[in-house]
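Structure record follows, encoded as structure tokens.
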Amino acid sequence: MAPTVMSILVPTDFSETADAALGYAKRLAGRLGASVHLLHVFRDPFAPALYAPEVYAPVPPETRERVLDDARARLAERLTADEEIYFRGTRGIVTGLAANQIVKYAADHGTSLIVMGTHGRRGVAHLLLGSVAEHVVRTAPCPVLTIRGLDGEEEGTGAPAATAERVA
Amino acid sequence: MDTFIAKILVPTDFSEPADEALEYARTLGAHVGASLHLLHVMHEPLLAEGLVAETTIAASPSLHEQTLAEARKGLACRSAGTASAEFTLGDTVANITAYASRLGADLIVMGTRGRTGMAHLLLGSVAEHVVRTAPCPVITVRHHAV
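What follows is the structure, encoded as structure tokens:
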């Protein structure tokens, strides 16, 4: 077993908790000489799984592009061009269910460590399935470092309804 | 020197996943210049299952003594290179988080799949519980995932 940390994956939903995790990851990466990879999972708010078929409608391409542009800008604020060089970093956006996509990314890229915040999302899905972080902890192909956010923190893009409203 | 991780707490139930986590913590600790602190929370099966009251355990010194002896032995053979190795008796998760606070731990490193069974199905593993309640960041190392 060689637990040297070569690359750190930081999933972000742009919450304060995720930002704190990213700050921690940069510090750790600086210490260990590891690379930092920032990943945002874009969950299509109109994905069929969330709604009954009668209300399902595909996201209009222009809306989708706008959301993706917004995500790219937010990623670039968090891992700047300079930091990208310093940390041999990357920024990525993928679509799908957060936990699944995070685990898949880690497996595909041979990530050594995932650093992520908990309490990023709340609501019924949390009660039923646990948070994204808990799901990642259970299924990740590598060690996972979790950092707790402040209790009671409300996350900006949390509930599907809020996301749908904002995007629509 | 940047000492943002000065103390790493490694809870152990002496299982294989816990030993893997300890190895991980040793290497990480060496890289970041942190000291290692081992904690074993005594798993008193009868007590853990809630079948007997704590007073019954106290009234059964032979059972308690055997558990103590196992705890000492288990810690002794794992304590090389650690700054401290202690054990407590009681609820595993509560003891780990309380100990982390008392120690001023900067990081907890622990294995998952340490315990399974009904309690796992209902409540999640000990590690998942610690993740939800720890006063500091937690690294979970999945058994055979490293």
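Each protein sequence line maps, in turn, to chains A and B.
In case it helps, the working numbering puts the first sequence at residues 1 to 168.
In case it helps, the working numbering puts the second sequence at residues 169 to 314.
Every residue gets a Cβ at the ideal spot worked out from N, C-alpha and C, and that includes glycine.
For residue i and residue j, which I take to be in contact (beta-carbon distance under 8 Å), what is that distance rounded to the nearest angstrom?
| i | j | result |
| --- | --- | --- |
| isoleucine 102 of chain A | valine 41 of chain A | 7 Å |
| leucine 113 of chain A | leucine 68 of chain A | Contact flag wrong, Cβ pair sits at about 27 Å. |
| valine 5 of chain A | alanine 25 of chain A | About 10 Å; that fails the 8 Å criterion. |
| histidine 208 of chain B | phenylalanine 172 of chain B | Actually they do not touch by this definition, with Cβ atoms about 27 Å apart. |
| alanine 76 of chain A | arginine 91 of chain A | 7 Å |
Rounded to whole angstroms, what is the Cα-Cα separation between residue i and residue j?
| i | j | result |
| --- | --- | --- |
| serine 7 of chain A | leucine 39 of chain A | 13 Å |
| glycine 197 of chain B | glutamate 62 of chain A | 49 Å |
| glycine 249 of chain B | threonine 95 of chain A | 45 Å |
| arginine 166 of chain A | arginine 31 of chain A | At arginine 166 of chain A, the pLDDT of 36 sits below 50, so the modelled position is not reliable and the matter cannot be decided from this model. |
| glycine 279 of chain B | valine 309 of chain B | 5 Å |
| glycine 201 of chain B | aspartate 274 of chain B | 12 Å |
| arginine 78 of chain A | lysine 241 of chain B | 48 Å |
| alanine 268 of chain B | phenylalanine 182 of chain B | 19 Å |
| arginine 72 of chain A | glycine 23 of chain A | 18 Å |
| aspartate 19 of chain A | proline 185 of chain B | 30 Å |
| isoleucine 93 of chain A | histidine 311 of chain B | 29 Å |
| isoleucine 176 of chain B | proline 141 of chain A | 22 Å |
| arginine 138 of chain A | arginine 64 of chain A | 31 Å |
| alanine 21 of chain A | methionine 116 of chain A | 5 Å |
| alanine 237 of chain B | serine 230 of chain B | 10 Å |
| aspartate 187 of chain B | threonine 180 of chain B | 7 Å |
| asparagine 100 of chain A | glutamate 233 of chain B | 46 Å |
| histidine 199 of chain B | glycine 33 of chain A | 10 Å |
| alanine 29 of chain A | arginine 281 of chain B | 27 Å |
| glutamate 83 of chain A | histidine 37 of chain A | 11 Å |
| leucine 204 of chain B | alanine 251 of chain B | 5 Å |
| threonine 12 of chain A | arginine 194 of chain B | 29 Å |
| arginine 283 of chain B | aspartate 70 of chain A | Any reading at arginine 283 of chain B needs caution, since the residue's pLDDT is 48, under 50, leaving its predicted position unreliable; the model's value is listed next. Taking the straight line joining both Cα atoms gives about 43 Å. |
| lysine 104 of chain A | valine 136 of chain A | 10 Å |
Tell me which residues share the same chain as residue i and place their Cβ nearer than 6 Å to its Cβ, disregarding the 5 neighbours each side in the sequence.
| i | result |
| --- | --- |
| alanine 253 of chain B | Leu206, Leu243, Ser247 |
| alanine 98 of chain A | Val41, Val132 |
| arginine 74 of chain A | Phe14 |
| isoleucine 307 of chain B | Val277 |
| alanine 174 of chain B | Ala202, Asp274 |
| leucine 144 of chain B | Residue 144 of chain B lies beyond the range of chain B shown here (169 to 314); nothing can be said about it. |
| asparagine 263 of chain B | Val209, Thr256 |
| cysteine 245 of chain B | none |
Within a Cβ cutoff of 7 Å, which residues of the same chain sit near residue i, ignoring the five residues on either side of it in sequence?
| i | result |
| --- | --- |
| aspartate 261 of chain B | It is valine, not aspartate, that sits at residue 261 of chain B in the sequence shown. Here the set comprises Val294, His297, Val298, Thr301. |
| arginine 88 of chain A | Ser35 |
| cysteine 304 of chain B | Ala268, Ala273, Asp274, Leu275, Ile276 |
| serine 239 of chain B | Before going on, a small fix: residue 239 of chain B reads as alanine here, not serine. The answer, listed in chain order, is His208, Met210, Phe255. |
| threonine 143 of chain A | Residue identity check: residue 143 of chain A is proline in the sequence provided, not threonine. Leu113. |
| leucine 271 of chain B | Lys175, Leu177, His205 |
Considering only residues of the same chain and omitting the five flanking positions on each side of residue i, which have a CB-CB separation below 8 Å?
| i | result |
| --- | --- |
| threonine 118 of chain A | Thr17, Ser131, Ala133, Glu134, Thr146, Ile147, Arg148, Gly149 |
| tyrosine 192 of chain B | Val277, Ile307, Val309, Val314 |
| histidine 109 of chain A | Ser7, Leu9, His37 |
Let me confirm a value: residue i is counted as buried when at least 16 other C-beta atoms fall within 10 Å, else exposed. Which label applies?
| i | result |
| --- | --- |
| proline 184 of chain A | No answer is possible for residue 184 of chain A: it lies beyond the span of chain A, which begins at 1 and ends at 168. |
| threonine 265 of chain B | buried |
| alanine 189 of chain B | buried |
| threonine 111 of chain A | buried |
| leucine 291 of chain B | In this predicted model, leucine 291 of chain B has a pLDDT of only 47, less than 50, meaning its place in the structure is not dependable enough to derive any value. |
| arginine 66 of chain A | exposed |
| alanine 107 of chain A | exposed |
| arginine 43 of chain A | buried |
Can you determine whether any heavy atom of the ligand FAD sits closer than 8 Å to the C-beta of residue i, and answer yes or no?
| i | result |
| --- | --- |
| arginine 148 of chain A | Among the ligands in the structure shown, none appear at all, so the ligand FAD cannot be discussed. |
Using a Cβ-Cβ cut-off of less than 7 Å, give me the residues of the segment 25-46 of chain A that come near chain B, in sequence order. Arg27, Arg31, Leu32
Mind checking the segment 255-278 of chain B against chain A and listing, in chain order, the residues whose C-beta falls within less than 7 Å of any C-beta there? none
If the cut-off is 9 Å on Cβ atoms, which residues from the segment 12-26 of chain A count as contacting chain B, listed in chain order? Ala21, Tyr24
Interface positions of the segment 296-308 of chain B facing chain A (Cβ-Cβ less than 9 Å), listed along the chain: Glu296, Val299, Arg300, Thr301, Ala302, Pro303, Cys304, Pro305, Val306, Ile307, Thr308
Cβ-based contacts, 8 Å cut-off: residues of the segment 170-203 of chain B near chain A: Asp170, Phe172, Ile173, Glu188, Glu191, Tyr192, Thr195, Leu196, His199, Val200
For the segment 131-147 of chain A, which residues have a CB atom closer than 8 Å to at least one CB atom of chain B, in sequence order? Ala133, Glu134, Val137, Arg138, Ala140, Pro141, Cys142, Pro143, Val144, Leu145, Thr146, Ile147
In the segment 233-250 of chain B, which residues sit with their C-beta less than 8 Å from some C-beta in chain A, listed in chain order? none
In the segment 78-112 of chain A, which residues sit with their C-beta less than 7 Å from some C-beta in chain B, listed in chain order? none
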